Structures are given as C-alpha cells and as structure tokens.
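Asks:
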Ligand code: SF4
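Protein chains in written order, with our numbering: chain U, 1 to 147; chain V, 148 to 437.
(1) Which ranges does the beta strand (DSSP E) cover as unbroken runs of at least 3 residues, wholly within the stretch 54-84 of chain U, from first to last along the chain?
(2) Assign residue 16 of chain U to buried or exposed, taking buried as 16 or more other Cβ atoms, counted over all protein chains shown, within 10 Å of its Cβ.
(3) Measuring alpha carbon to alpha carbon, tell me which residue in V/359, V/390 and V/374 is nearest residue 215 of chain V.
(4) In the stretch 243-297 of chain V, which residue ranges form an unbroken beta strand (DSSP E) of at least 3 residues, counting only runs that do not cross its ends?
(5) Is the number of C-beta pairs between the stretch 70-89 of chain U and the stretch 134-141 of chain U that are closer than 8 Å three or more?
(6) Under 8 Å Cβ-Cβ, which residues of chain V neighbour residue 137 of chain U?
(7) Short check: CB of residue 429 of chain V to CB of residue 285 of chain V, under 9 Å?
(8) Which partner residues of residue 16 of chain U appear in the DSSP bridge assignment?
(9) If you measure from the beta carbon of residue 179 of chain V to each beta carbon in chain U, is any gap under 9 Å?
(10) What residue from U/103, U/40 and U/126 has the CA that sits closest to residue 70 of chain U's CA?
(11) Going by DSSP, which residues form a beta bridge with residue 234 of chain V?
(12) Return no unless some Cβ of chain V is closer than 9 Å to the Cβ of residue 140 of chain U.
(13) Applying a beta-carbon distance threshold of less than 7 Å, which residues of chain V neighbour residue 31 of chain U?
(14) Pairs of beta-carbons, one from the stretch 282-298 of chain V and one from the stretch 414-423 of chain V, closer than 8 Å: are there three or more?
(15) Please determine whether the Cβ atom of residue 62 of chain U lies at a distance below 8 Å from any heavy atom of the ligand SF4.
(16) So the candidates are V/221, V/379 and V/435; which of them puts its Cα closest to the Cα of residue 303 of chain V?
(17) Please go through the stretch 173-234 of chain V and give each complete alpha helix (DSSP H) segment of 4 or more residues, from N-terminal end onward.
(18) Report the rounded CA-to-CA distance for residue 28 of chain U versus residue 20 of chain U, giving the unit in angstroms.
(19) Using the Cα positions of residue 316 of chain V and residue 161 of chain V, report the straight-line distance between them to the nearest angstrom.
(20) Counting only the same chain and skipping the five closest in sequence on each side, list residues whose C-beta sits under 8 Å from that of residue 36 of chain U.
(21) Straight-line CA distance for residue 269 of chain V to residue 95 of chain U?
(22) Cβ atoms of residue 289 of chain V and residue 238 of chain V: under 9 Å apart, would you say?
(23) Is residue 51 of chain U helix, strand or coil by DSSP?
(24) One question on the structure: do residue 111 of chain U and residue 87 of chain U come within less than 9 Å of each other, judged by their Cβ atoms?
(25) Any C-beta of chain U sitting closer than 9 Å to the C-beta of residue 350 of chain V?
(26) Should residue 58 of chain U be listed as close to the ligand SF4, given that the test is whether its C-beta is under 8 Å from any heavy atom?
(27) Between V/424, V/312, V/395 and V/308, which has its C-alpha nearest residue 436 of chain V's C-alpha?
(28) For residue 75 of chain U, go through chain C and note every residue whose CB falls closer than 7 Å to its CB, in chain order.
(29) Between residue 14 of chain U and chain V, is the shortest Cβ-Cβ distance under 9 Å, so that the two count as touching?
(30) Pop quiz: residue 261 of chain V and residue 364 of chain V are said to be a contact at Cβ under 8 Å. What is the actual Cβ separation, rounded to whole angstroms?
(31) As a quick exercise: from U/118, U/92 and U/65, pick the residue whose alpha carbon is nearest that of residue 52 of chain U.
(32) From the DSSP output, read off the bridge partner residues of residue 404 of chain V.
(33) Measure from the alpha carbon of residue 202 of chain V to the alpha carbon of each residue in U/56, U/13 and U/4, then state which is nearest.
(34) In chain order, what residues of the same chain lie with their CB nearer than 8 Å to the CB of residue 178 of chain V, ignoring the 5 residues before and after it?
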C-alpha cells in the first residue's frame with residue numbers, strides 16, 4: 001500500500017501580498033491548528049518539498065523566483081494557491097507590475113479563495129492537495145513502470 | 148562467544164533503523180505534546196523515509212550520491228565495529244571518516260546554502276569531536292582496555308569511574324542528535340535556519356540515505372550511553388536500557404526548552420563542559436591510578 005500521502009512536506013512562498021494570508025498559513029502550524037498531525041512539515045527547501053503553497057500574486061520580479069522554486073521541486077508535486085491574490089492577483093490585480101495569480105507562471109492544482117483565507121480553509125486545501133499528491137504519485141509510478 | 152558477537156552486529160544492521168525510527172516517532176509525538184499539539188503518528192519517520200525513496204531523483208552533481216553512499220557505509224561499519232565488540236577508538240575514527248564524506252557530499256554542489264551549512268557542520272564537529280575522543284580515552288583509563296567486549300565484561304560499570312565523562316557525553320548528544328542549536332540543526336522542527344544545512348542540496352533518495360545513516364549513528368551513540376552502565380552482571384543490561392531511555396527523554400526535554408541556542412554558544416558550552424566535566428574526571432582518575 002502506498003503511504004506517500006502521509007508525508008506531505010510543504011514549502012511556503014509569499015508573493016505580492018499584504019501578508020494577511022501569509023500570517024494565516026503560519027497560524028496553521030501553531031498548536032491551535034497543528035498541521036503536523038497530518039505529517040506536514042513546513043520545510044524551507046524546494047528540493048525536499050512535495051507541496052508548493054503560494055500566497056500573494058505574481059509581479060515582474062518574483063515571476064522567475066516562483067518558476068525556479070517550482071522547477072527545483074522533484075516529482076510528484078502539487079501547487080496550492082492560497083488567498084485571492086494567489087488565485088487571481090486579488091486587490092493588486094490592476095497594479096502596473098502585477099501579472100495576476102500564481103497560474104500565470106506555473107500550473108496551479110488547487111485554489112483556496114478568501115481574503116484572507118482562513119486557517120480552516122487552508123487546511124482543507126492542503127488535505128485536498130494531499131489527496132491529489134497521492135494520485136500524482138500513483139500516476140508517476142505507473143508511468144515509470146511502463147517505461 | 149564469537150558467534151554471539153556476530154549476532155549482535157547483524158541485529159544492529161537489521162533492527163537499528165526500526166528501533167531508532169520508532170524512537171524518533173515517539174520523539175515527535177512527545178515534542179508535540181510538550182508544545183500543546185497533537186503531533187503526527189509514531190510511524191511518521193517511516194512514512195517520511197519511504198516517501199523520500201519514492202521521489203524523483205534530481206541532482207546537481209552525480210558525485211554527491213557516491214559520497215552519501217560512502218557516508219552511510221562508514222556509519223554502518225562503525226556500528227558493526229561497536230556492536231561486534233571491537234575497539235572503541237576505531238569506532239570514533241570511523242565515525243569521523245563518515246562525517247568527512249558528508250562534508251564532501253554537501254560541498255560537491257557549490258550551492259551557497261550548502262556551503263553555509265557545511266561551515267556550521269564543521270563547527271559542530273569541532274565542538275563534539277574532543278568529547279567523543281575523550282570518552283574512548285576515559286573507557287581505557289577506567290577499564291584498562293579499548294575493547295568494547297572487554298569493557299562490557301568488567302567487574303563494575305564504567306560509570307562508577309567516569310561520571311564526568313558521562314555528563315560531557317550526554318551534553319554533546321544534544322548536538323549529535325541534531326536537536327540544538329537551531330541554526331545548525333537539520334531537525335524536523337520549524338525552528339531551522341539556512342534552509343537545511345548540509346542536506347540542502349540532497350534530493351529524494353539522497354536525503355533518505357542521510358536520514359538512514361543518522362539513525363544508524365544514533366544507535367551507536369545510544370549504545371555508548373549503554374556501555375557506561377554495563378558490567379559482567381546480566382541485570383546491568385536492564386540498567387543500560389533504562390539509562391538510554393532516560394537520556395533520550397532528557398534530550399527531547401532540552402530540545403524543547405532551549406530552542407533558541409545558537410552555534411556560538413554551542414561551541415563555548417560544549418568545550419566548557421568537556422574541559423570541566425571530562426577534564427576533572429580525567430584528573431581524578433589519574434590521581435586514583437597514580
Ligand atoms: S488575499 Fe487578501 S489577505 Fe490574502 S494576501 Fe491578498 S490581500 Fe492579503
């Protein structure tokens with residue numbers, strides 16, 4: 001039986017945001033919400049991460065950074081956009097330097113709306129992301145077998 | 148006699164990862180409870196390890212994999228030397244050789260983060276190494292031999308002669324278990340710095356192998372803790388196991404109560420404790436022997 005979904009390590013990156021969602025993500029790791037009970041570790045290293053959790057929108061400066069982080073993560077991987085800014089660009093959408101949501105530069109799997117997204121909905125998003133992570137791992141394993 | 152030594156060495160190779168992995172799982176559970184959280188399952192370390200081996204393998208430099216394999220090999224070799232009851236001095240040297248391979252692995256990628264991690268790892272080695280060597284010397288002075296098998300069959304437990312060495316060794320265990328200081332520790336807590344130290348550039352199975360090597364190494368270190376309590380009386384094995392569990396709990400407690408220790412303080416404290424505790428003990432032993 002595959003247990004890969006029991007160990008989703010999370011990388012958090014904050015783009016162009018007001019830091020509201022950022023703080024809510026950190027709240028998830030506190031004793032009140034404790035995401036570690038799902039095996040989630042908040043890692044700072046893209047090479048060890050399975051889930052890329054992005055808050056805030058994409059601007060001309062961070063576009064390359066976000067792409068690089070995504071490319072450094074080994075397969076299977078899942079991207080979760082947390083908050084309206086990460087989904088669409090949000091309140092900053094009309095700014096001259098904003099390209100839009102995270103999906104303007106990398107493929108996003110799960111969208112968690114809210115301004116700010118509440119810790120409960122972030123955890124819901126992560127749990128959905130974990131389910132998808134398992135699917136992707138199975139697909140990858142099947143593909144490797146076929147080759 | 149020979150066969151029982153072979154059996155302990157084989158048991159070490161087969162079961163050490165399971166025992167230490169499980170202890171690690173309980174460690175995370177107890178740490179979470181100390182912080183008022185529920186914590187992950189006790190099997191979490193095994194899930195993590197299995198996942199690491201299932202991830203795609205990306206590497207910046209192929210030579211890194213070879214270095215990590217050598218690191219794992221030398222750690223296992225040290226364990227075999229220790230649990231088969233050979234020379235404890237050889238165990239210490241073999242562990243240092245293993246550490247050198249870890250350093251080579253992390254520097255082989257030229258990443259600034261690994262370089263930073265490597266510098267701090269070297270500082271960490273510098274603060275622990277004197278105590279590790281002194282422990283071997285202490286055993287020799289107290290029991291008249293470096294041979295682990297003969298030390299374990301002494302009339303009295305080595306701890307009676309070596310309380311200072313024991314204190315010093317337990318002190319450096321906090322560092323060796325990668326619990327503290329937080330700016331070096333590559334532990335699973337959120338209180339890590341500079342990404343992941345020496346393991347920054349290790350992906351998937353490479354990181355898995357390093358984790359496995361750490362488990363094997365922790366088994367040796369806990370074995371040395373046990374060696375302080377063992378003598379020719381079989382009951383002392385129970386005492387050794389109790390001592391190991393107490394020390395293990397103490398490390399978790401230290402980790403959770405001193406999460407903000409930095410490497411500068413580590414270096415001063417580790418050498419301070421080594422000189423005071425082990426030095427005094429050495430001095431007294433010499434006087435008694437003299
Ligand atoms: S979605 Fe709202 S709270 Fe979240 S980063 Fe954007 S503006 Fe801030």
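Note that beta-carbon positions come from the ideal geometry of N, C-alpha and C, so glycine has one too.
What you are looking at is a predicted structure, and each value in this text was computed from that prediction instead of being measured.
Replies: In this structure, then:
(1) With a minimum length of 3 residues, the continuous beta strand (DSSP E) runs that stay inside the stretch 54-84 of chain U are 78-82.
(2) buried
(3) For residue 215 of chain V, the nearest C-alpha among the options comes from V/359.
(4) none
(5) yes
(6) Near residue 137 of chain U (Cβ distances below 8 Å), the residues of chain V are 201.
(7) yes
(8) U/57
(9) yes
(10) By alpha-carbon distance to residue 70 of chain U, the top candidate from U/103, U/40 and U/126 is U/103.
(11) V/294
(12) yes
(13) 182, 183 and 184
(14) no
(15) no
(16) V/379
(17) Within the stretch 173-234 of chain V, the complete alpha helix (DSSP H) runs of at least 4 residues fall at 191-201 and 210-230.
(18) 13 Å
(19) 26 Å
(20) Non-local beta-carbon contacts of residue 36 of chain U in its own chain, meaning distances under 8 Å to residues more than five positions away in sequence, involve 29 in chain order.
(21) 47 Å
(22) no
(23) strand
(24) yes
(25) yes
(26) no
(27) V/308
(28) As a matter of chain content, chain C is missing from the structure shown, whose protein chains are U and V.
(29) Not one beta carbon of chain V lies nearer than 9 Å to the beta carbon of residue 14 of chain U.
(30) With a Cβ gap of about 20 Å, residue 261 of chain V and residue 364 of chain V do not count as contacting.
(31) Per the Cα distances, U/65.
(32) Per DSSP, none; premise fails for residue 404 of chain V.
(33) U/4
(34) 186, 336, 399, 402 and 403
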